[in-house]
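With the working numbering, letter number 205 in the sequence shown gets 261, and the count goes up by one each step, no holes.
Cβ atoms here follow ideal geometry from the backbone N, Cα and C, with glycine treated the same way.
Since the structure is predicted, the reported quantities are computational estimates derived from the model, not experimental observations.
One structure below.
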Amino acid sequence: MSNIPETGRTRRVTIRLVVLQILVLSLLATLGGRLWYLQIRNAKEYTAKATGNHIREVVEPAVRGEILDASGRILAGNEARLVVSVSRTSLLQQKDGGKAVLGRLAEVLGMPAKDVQEKVRLCDAKTPQPCWNGSPYQPIPVTKEATTQQAMQIMERREDFPGVTAQPTAVRRYTGAEGANMAQVLGYLSPVTDDEVSKTADKTGLDRYLPADQIGRAGLESVYDRDLRGTAGITKLEVDNLGRVIGNAGTVAPQTGNNLVTSIDARVQKVVEDNLAQAMSDARNTFDKVTNRNYEADSGAAVVMDVHTGRIIAMASAPTYDPNLWVGGISGKDYQALTSKDSNFPLLNRAIQGQSAPGSTFKVVSTTAAVQAGYSLDGTYPCPKAMTIGGREFKNFESESFGSISLEKALEVSCDTVFYGLAYDQWMKDGGIKPKKDAADWFFKTAHEFGLGAKTGIDLPSEVPGRVPDRQWKQSFYDNNKDAWCAQAQKGGNSFSDQIAKENCVDGYQMRAGDAVNYAIGQGDTLVTPVQMARIYSALANGGTFYRPTIAKAVISPSGDLVREIAPHADAKFPGDQKLLSYIDQATAGVITSGTAAWKFNGWPQDKIALHAKTGTAEVEGKQTTSWLDTYSKDYAVVMTISQGGTGSGGSGDAIRRIYQALYGVDDKGNIDNGKALLPAPQADLPKFNPDGTAIIKPAAYTVDPAQGSVAQAPAPAAAPAFAPAPALTPVPALTPVPALAPAAAPAPSDAAAAVAWDPSATFLDPAPPAGSPAPYTAVDTALEPTNRQGRGRA
């Protein structure tokens, strides 16, 4: 017998032991494979991550580039303010966590200690504002309004304020150069959000947002943010496992942003803003015989465009506001004031976002459409006092009759019934209520060729496209609103709105005769913006080229070198021939000399500075009439519109004349003094710059004195510094009233009696709809909304 004792293991136990051994070996093999993967195959990646775990970034914001006018005047710049900041890292090294330091700091700054403590605490889901949502290693600003005395106390007693700094920091400042406001054009800045920071965390350079960044949210600040923002500096700090700083891993210095030169002339901008405000004020003191109350003149816009390039010389929108309200973060009270219904939404730029029916200013489009449809320039057309179409009477303004007249005369005296007749005749040729499959639709097609119903492509954000109410739009609008119309119709009301709902419920998709004739005089569902009309009248002035409106001219480096020039861009050509252009040119000149605008331009030196115009008075259901006056010279197109502001020439005529007077140096009697002209020709050259990057501003011989309504000798301004101390922020004062023009010799008659391929692409725009597609109907349409009524229009 064997001396080896029996183990007592059964076969079953042996199998279990083998399985256990295999399992242990598998786990060891898996662990070994994982260790090989981490330490050998991906060693570099995880070494970098491990290194990154003890690196913290401190951001030094870059100085933002300036926005300049065409001569180099600073429109949006920077000013040095004393900013007191606190380092949380230093505070946490104090025995009491920095409470004593914060208490002493609050005493020096004259702030409650609680406010200072709240500003330096870190934000989280349970911590309300105020708190710090940036990096805990970033110096946290406590105040941007420190005085020199406060800063000296802090810096002279460093032992009492460890981790506290007081140093000059660049803060945005909207200068109001030459008294110009430009709030909607310039835009504003606000801090990046946590979401924006996290979404760009894996990017570099300008594509990456850092917690300390301020970015453009509107206007030029938004569109050219990448050019203006610059690159922030970053200091990488080494920290231990407790978050304490143990060293410096490197520093990258900040790079100042580039400057943006615009085509805006600050002096002309001031003139346009003041005259728009004065025209609205005058309208509010003018009695409206239709509504038996004064005109409300609740909003308006004006544009001055260089007809040869499409560059914007001035752009005003009313009501307006002080853009400096956004500097350092806007208060809840101020934001509410800017966005409440009572404010009438001053954040809207009504030059590109305010939509309204263009009234008779649209007749240059209808004239072109009629000629393209085959109607002769040499023919005569009946201008009766009224026409009955579809059982409704469509009248001339004040039922004026001119007999048989030419298209030129129809434009000059703004005869509605001539255009009613042309549009109705063409509507019948296209099949009337049962349109042909190949309907020519010349009146709608021509409007699209003029660029209407699509964005112009101006370098400002949130432009709206307007609306050409063609057959496609009618069908789309019907599909979207049929249920609401039918529901309203079933209630059986008798108001005008109820009557429209009943009609539209049945056949709102049809292009009725009333729709066609109303459209021909710029009424009905037609929507345009002031910048679209400025573009159209610029094309009439320059020989037929539709330029894309632009404000920026060039990007300039901080040292004054050219980075890139933003050249004019031609998008399309006038759809008619040169004979038609000359014909319209002659007709619009007649509006100034003997037509609907003549009573406002009496004594103008037309033989030396030829002006051309078309007045428009758009009717709006439930509101007073909208004033339109679209004009041009050989150099400029000047367009003004005032919601609920009266007739075209009555509401805007004086203001438009004053703008031309300032541009060309013309006094009230028609005398020309070239030395007093603000801008007798558009400025083509870029400003020159000093070696330090500041612009060399040529002294103006004369400037406009708003208080006197005249042109006066101006002192020579010095080059503006990159950093300039500025007074405390104050609300924008009321615009200076402009005295009325000397009365004309003739009495004021009524308006009627006195009477290419489309390429809107741009990186800063949403894609513009194709010319034939229906324009969307959005809440923005309510800014300046036209009537849907089928009835008479006005000159």
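- Apart from the 5 residues on each side of it in sequence, VAL587 sits with its Cβ closer than 7 Å to the Cβ of VAL359, ALA407, ILE408, THR512, ILE514, PRO605 in its chain, given in chain order.
- Residue SER705 holds the alpha-carbon nearest to the alpha-carbon of THR652 among SER705, LEU667, GLY659.
- Along the length of the region 568 to 622, whole beta strand (DSSP E) runs at least 3 residues long occupy 601 to 603, 608 to 612, 618 to 621, reported in chain order.
- In this chain, the beta strand (DSSP E) harbouring MET443 covers 442 to 445.
- Only exposed fits THR203, as fewer than 16 other CB atoms lie within 10 angstroms of its CB.
- Residue state for PHE418 is assigned as helix, using DSSP reduced to three classes.
- Three or more beta-carbon pairs separated by less than 8 Å link the region 320 to 327 to the region 222 to 238, which places the two stretches in contact.
- SER594 and THR687 have their C-alpha atoms roughly 9 Å apart.
- Assignment of PHE552 by DSSP, reduced to helix, strand and coil, places it in the helix class.
- Between ALA540 and GLY275, the alpha-carbon positions lie close to 36 Å from each other.
- Annotated three-state conformation of GLU116 is strand, per DSSP.
- Judged by DSSP in its simplified three-state form, GLN642 adopts helix.
- In the DSSP annotation of this structure, GLY672 is not part of any alpha helix (DSSP H); the continuous beta strand (DSSP E) holding it starts and ends at 668 to 674.
- For THR687, the uninterrupted beta strand (DSSP E) run begins and ends at 682 to 688, by DSSP.
- For LEU316, the enclosing beta strand (DSSP E) covers residues 315 to 318.
- Straight-line spacing of the CA atoms in ILE612 and VAL327 works out to 27 Å.
- Within the region 377 to 437, the complete alpha helix (DSSP H) segments of 4 residues or longer fall at 388 to 395, 419 to 428, listed in chain order.
- DSSP lists no bridge partner for ILE514.
- Residue pairing for GLN270: DSSP places it in a beta bridge opposite PRO247.
- SER278 and LEU719 have their C-alpha atoms spaced approximately 30 Å apart.
- A straight line joining the alpha-carbon of TYR280 with that of LYS664 spans about 40 Å.
- Annotation for THR204: the continuous alpha helix (DSSP H) segment containing it runs 204 to 212.
- In the three-state scheme derived from DSSP, where H, G and I count as helix and E and B as strand, ILE111 is classed as strand.
- The Cβ neighbour count for VAL140, taken over all protein chains shown within 10 Å, is at least 16; the residue is labelled buried.
- CA-to-CA, the gap between ALA572 and SER650 works out to about 29 Å.
- The continuous beta strand (DSSP E) containing ASN134 extends over residues 130 to 142.
- Here the alpha carbons of ASP617 and PRO747 stand approximately 9 Å from one another.
- Short of 6 Å from the beta carbon of PRO218, and not among the five residues preceding or following it, lie these beta carbons of its own chain, in chain order: SER146.
- For SER532, there is no enclosing beta strand (DSSP E); the enclosing alpha helix (DSSP H) covers residues 527 to 546.
- Per DSSP, the unbroken alpha helix (DSSP H) holding PHE475 starts and ends at 472 to 485.
- For THR221, the enclosing beta strand (DSSP E) has its first and last residue at 220 to 230.
- Going by C-alpha positions, ASP481 is about 54 Å away from ALA132.
- Bridge partners of LEU124 according to DSSP: ILE130, VAL317.
- Here DSSP, grouped into helix, strand and coil, assigns MET238 to coil.
- Cβ-Cβ distances below 6 Å link VAL694 to VAL360, THR687, ILE712, ILE715 in the same chain, with the five nearest sequence neighbours on each side left out; the list follows chain order.
- By the criterion of at least three beta-carbon pairs nearer than 8 Å, the region 301 to 317 is in contact with the region 283 to 291.
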